[in-house]
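First up is the structure itself, then whatever we jot down about it.
Numbering (our numbering), first residue to last: 20 to 293.
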């Protein structure tokens, strides 16, 4: 009788490396916490003794999977973890489809273009196409955008689901939770009413994009366009960034029209049913 070797092997528990799995528990604990953790907190979350955790933390730091803040002594995700995360994101249909459009927009309109997704701390740049002319802004892959202060952040406020946006507001702890966003909770003592901000979000949903002129950086303007799937879920944003006066932020301007067309094409490519 023939034996299916592959199926037989699949039915058996494969042998792994226990120390790697222990180290992974520490990484998982850090990812679940979404904030830098002290060594003792990491050890407790990873269910190992503090003395044992120290050796793992040293090795994980050397590998670049985590890094230690020199002032607080807390650990956070390291550069290798970021590279692995970006590699995973690059496989996502919306981001993969958006990359060539971002490059084309940057070249055609001589502006920088940022692609942002929802990260634990807020809207996070995962791809950045630089303009040929320098801008006096410190933006790069990994930059987290302020929710109320940037055009990108306000687009996320307008279109994100409640749970994701609530987590972002909590992690941007210096920011209030505004009514008008899905994250606002009228029964919570920290919820603050801001009619202007509520109206701004309503306008963004109606016209489908947001602009920023001279804020948060003087002399710099932006246009942010969301890419939504068939269920109207925000997947990625395109943000054009350039010098105020040079960047065309007019609602009927050529840049806004081009960005709207790009967002539509990205959605059609990534989500053919849209």
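Yeah, the Cβ is synthetic: ideal placement off N, Cα and C, and Gly gets one too.
Rounded to the nearest angstrom, how far is the Cβ of residue i from that of residue j, given a contact under 8 Å?
i: residue 55; j: residue 93; result: 4 Å
i: residue 289; j: residue 113; result: 4 Å
i: residue 255; j: residue 230; result: With 8 Å as the limit, residue 255 and residue 230 do not qualify as a contact, their Cβ atoms being about 18 Å apart.
i: residue 216; j: residue 167; result: 7 Å
i: residue 144; j: residue 156; result: Wrong, their Cβ atoms sit about 11 Å apart, outside the cutoff.
i: residue 86; j: residue 104; result: Actually they are not in contact, since the Cβ atoms of residue 86 and residue 104 sit about 14 Å apart, beyond 8 Å.
i: residue 83; j: residue 99; result: 4 Å
i: residue 226; j: residue 270; result: 7 Å
Compute the Euclidean distance between the alpha carbons of residue i and residue j, then round it to the nearest angstrom.
i: residue 285; j: residue 234; result: 28 Å
i: residue 237; j: residue 158; result: 15 Å
i: residue 95; j: residue 191; result: 16 Å
i: residue 45; j: residue 53; result: 13 Å
i: residue 90; j: residue 57; result: 12 Å
i: residue 128; j: residue 276; result: 12 Å
i: residue 220; j: residue 163; result: 20 Å
i: residue 174; j: residue 51; result: 26 Å
i: residue 122; j: residue 68; result: 49 Å
i: residue 308; j: residue 80; result: This structure gives no information on residue 308, because the portion of the chain shown stretches from 20 to 293.
i: residue 139; j: residue 183; result: 8 Å
i: residue 33; j: residue 218; result: 57 Å
i: residue 149; j: residue 72; result: 41 Å
i: residue 49; j: residue 61; result: 7 Å
i: residue 287; j: residue 250; result: 13 Å
i: residue 246; j: residue 253; result: 6 Å
Mind checking who residue i pairs with in its DSSP beta bridge?
i: residue 66; result: Its beta-bridge partners do not exist; DSSP assigns none.
i: residue 219; result: Note: residue 219 sits in no beta bridge, so no partner.
i: residue 230; result: 242
i: residue 146; result: 134
i: residue 163; result: 143
i: residue 259; result: 132, 242
i: residue 56; result: 94
i: residue 82; result: BP columns for residue 82 are empty, so no partner.
i: residue 305; result: Beyond the ends of the chain as shown, which are 20 and 293, falls residue 305; an answer cannot be given.
Using a Cβ-Cβ cut-off of 8 Å, state whether residue i counts as contacting chain B.
i: residue 66; result: Among the chains in the structure shown there is no chain B, since it carries only a single protein chain.
Problem - Unbroken stretches of the alpha helix (DSSP H), 4 residues or longer, contained in the region 84 to 139 - result: 98 to 109, 112 to 128
Exercise for the section: Assess, as a yes-or-no matter, whether the region 108 to 120 is touched by the region 130 to 143 under the definition of 3 or more beta carbon pairs within less than 8 Å. Expected result: yes
Problem - Three-pair Cβ contact test at 8 Å for the region 259 to 266 versus the region 240 to 251 - result: yes
Exercise for the section: State whether the region 66 to 78 contacts the region 36 to 50, with contact taken as three or more CB pairs (one from each stretch) at a distance under 8 Å. Expected result: yes
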